[in-house]
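Just below is one structure, and these are the notes that go with it.
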Amino acid sequence: MLHIPFEKFVLDNGLRVIFHRDQTSPLVAVDMWYHVGSKDEQPGRTGFAHLFEHLMFMGSAHAPYPAFDAIIENWGGHNNGTTSNDRTNYYEIGPSNLLETFLWLEADRLATLPSVITAEELERQLKVVQNERRQSYENRPYGRAELVVPETMYDPSHPYHWPVIGSHADLEAATVADVREFFDKFYRPSNASLVVAGDFEPAEARRLVTQYFGWLPARPAPAPVTATVRPLLANERRIVPDRVQLPRLRMEWHSPALFAPGDADLDLAAQILGGGKSSRLYKSLVFEQRIAQDAWAYQSSLMLGSLFGIGVTAKPGQGLEEIERATMAVVQTLAAEGPTDAELERARNSHSADFYKSLDNLQTRADMLNHYERVLGDPGGMAEDMARFTRATKASVRDAFARMIAGHHLVLTIIPDGSAATTTTDEDSPDEDEVTDVDISDAAGPLR
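The working numbering puts the first residue of the sequence shown at 11, with every later residue one more than the last.
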């Protein structure tokens, strides 16, 4: 049975700690998840979870910017973070002798960040985030669609209604008092989980974790957010002019939440429909009918309600009406007949290959343990996760897909606005991470 060996314990203040020992290389990773994402924000205060991803890289009282990064990088380490709808994570990876340094830095910014947030630093980070919004969404080819999808598919009462990155207006209105209040509510040990992975001695690591995190006060975790997805009352059609050369069709359906029945089946259906050049959409629209440049599909699995998406980029001179009809023909055939034995096996093998390949990376394994802890309350949830795909059958994939497309959906057409001559390639096609996650890469700190 596939398994990442781990040990879990909980500090008196509620911090969940997970150890994964692997001495195959002299590296150690520290992966800290705070159980706060954009779903925990309020209307008028959107973008705060992602903003804190930036603020946390300002440093801390005892390692102010740029010392926080310099300490890690000067000794051969690397650090970064990401924000999604459902969580925010920070990680460090480097030589195993940096473990104590990594733990000290993570604990120090958890303990002292409010004291180093000034109006000047907040203003600087707000500008960085606003510029990231422009680069990732507003000025990126086809990026404007990613702002339209959540606001259309989720009603205003649902916390996925706004994008992870937030709005310009809400960010402009943020004050030091606002962000300190957000930090105080969500950045506490009881609302976090910490993974230490790699080459370390468990007894020493436990001593260090207790030393640096154990003294932080015990405070109750915030109440979990709950929400109900309201189905669309009718099929929605939206037109999005963008700085692109070629029109693109996007279609979105509501789908089961992460780990809910049907979630894994729709992952497989997405692979069968649009997972590469052997998929149904690609073969039909690109190779056979020659009306599209590319085609893809995805199941974007989230804790409070997922989205299943399809995208097709038109060939030059090709209208989207024909592409929509051809796409729906492929969709309806899969819903009526289900996949073939060969398609289901290929989809399963593709999922397994990607999954197993990801296990080669130490930091990814650490992140997986945190993921299962966050979603299932059990870092050992990998076996349960993989079993969902093993249990899937042709009938279960067909039925899950048919139930999904029976609901109303969004048809989004992205059309050239005449202001740019951008060349479209497969690299412009969004994947699940681009829809659900904001990765700050090298722009985490004020001048990174």
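Note that beta-carbon positions come from the ideal geometry of N, C-alpha and C, so glycine has one too.
For residue j and residue i, believed in contact at Cβ under 8 Å, the rounded distance
i, j, result
"residue 7", "residue 38", "With the chain covering only 11 through 458, there is no way to say anything about residue 7."
"residue 165", "residue 312", "Actually they do not touch by this definition, with Cβ atoms about 15 Å apart."
"residue 250", "residue 415", "The Cβ separation is near 22 Å, so there is no contact."
"residue 118", "residue 71", "7 Å"
"residue 372", "residue 127", "That belief does not hold up - the Cβ atoms of residue 372 and residue 127 are roughly 32 Å apart, past 8 Å."
"residue 226", "residue 23", "5 Å"
"residue 321", "residue 247", "Rounded, the Cβ-Cβ distance is 16 Å, inconsistent with contact."
"residue 410", "residue 276", "6 Å"
"residue 261", "residue 420", "7 Å"
Buried versus exposed, by CB contacts within 10 Å (16 or more), residue i
i, result
"residue 292", "buried"
"residue 12", "exposed"
"residue 132", "buried"
"residue 101", "buried"
"residue 433", "Caution applies to residue 433, whose pLDDT of 36 falls short of 50 and renders its modelled position unreliable; the model cannot decide the point."
"residue 439", "Here residue 439 scores only 43 on pLDDT, less than 50, and its place in the model should not be relied on; the value that follows carries that caveat. Residue 439 comes out buried."
"residue 211", "exposed"
"residue 328", "buried"
"residue 389", "buried"
"residue 85", "exposed"
"residue 387", "exposed"
"residue 297", "exposed"
"residue 179", "exposed"
Local conformation of residue i per DSSP, three classes
i, result
"residue 252", "strand"
"residue 365", "helix"
"residue 82", "helix"
"residue 448", "With a pLDDT of 42 at residue 448, under the threshold of 50, the modelled position of this residue cannot be trusted, and the question is left open."
"residue 263", "strand"
"residue 434", "Because residue 434 sits at a pLDDT of 37, beneath the cut-off of 50, its placement in the model cannot be relied upon, and the following sentence gives the value as read from the coordinates. Of the three classes helix, strand and coil, the one that applies to residue 434 here is coil, per DSSP."
"residue 26", "strand"
"residue 114", "helix"
"residue 150", "coil"
"residue 41", "strand"
"residue 18", "strand"
"residue 301", "coil"
"residue 53", "coil"
"residue 419", "strand"
"residue 94", "strand"
"residue 462", "In this structure the chain extends from 11 to 458, so residue 462 is not present and cannot be described."
"residue 89", "strand"
"residue 289", "coil"
"residue 48", "helix"
"residue 164", "coil"
"residue 244", "coil"
"residue 311", "coil"
"residue 217", "helix"
"residue 374", "helix"
Of the listed residues the options, nearest to residue i (C-alpha basis)
i, options, result
"residue 343", "27, 412 and 145", "412"
"residue 153", "161, 404 and 143", "143"
"residue 170", "377, 205, 237 and 193", "237"
"residue 271", "106, 406 and 94", "406"
"residue 81", "22, 427 and 105", "105"
"residue 88", "363, 246, 230 and 67", "67"
"residue 47", "231, 93, 347 and 325", "93"
"residue 374", "24, 287, 141 and 30", "30"
"residue 319", "287, 265 and 275", "265"
"residue 378", "159, 301 and 207", "207"
"residue 417", "140, 32, 163 and 52", "163"
"residue 35", "107, 73, 65 and 267", "107"
"residue 463", "202, 197 and 141", "Because residue 463 is not part of the residues shown, which for the chain are 11 to 458, the question remains open."
"residue 428", "84, 135 and 151", "151"
heavy atom of the ligand MG below 7 Å from residue i C-beta
i, result
"residue 72", "The ligand MG is absent from the structure shown, which contains no ligands of any kind."
*Below 8 Å, can you find three or more Cβ-Cβ pairs linking the stretch 351–368 to the stretch 278–291?*
yes
*asked:* Taking 8 Å as the cut-off, does the stretch 388–407 touch the stretch 230–249 (at least 3 CB pairs, one atom from each stretch)?
replied: no
*asked:* I'd like to know if the stretch 285–305 and the stretch 327–343 are in contact, where contact means that at least 3 CB-CB pairs between them fall below 8 Å.
replied: yes
*Would you call the stretch 105–114 and the stretch 185–192 touching, i.e. three or more CB-CB distances under 8 Å?*
Short answer: they don't touch.
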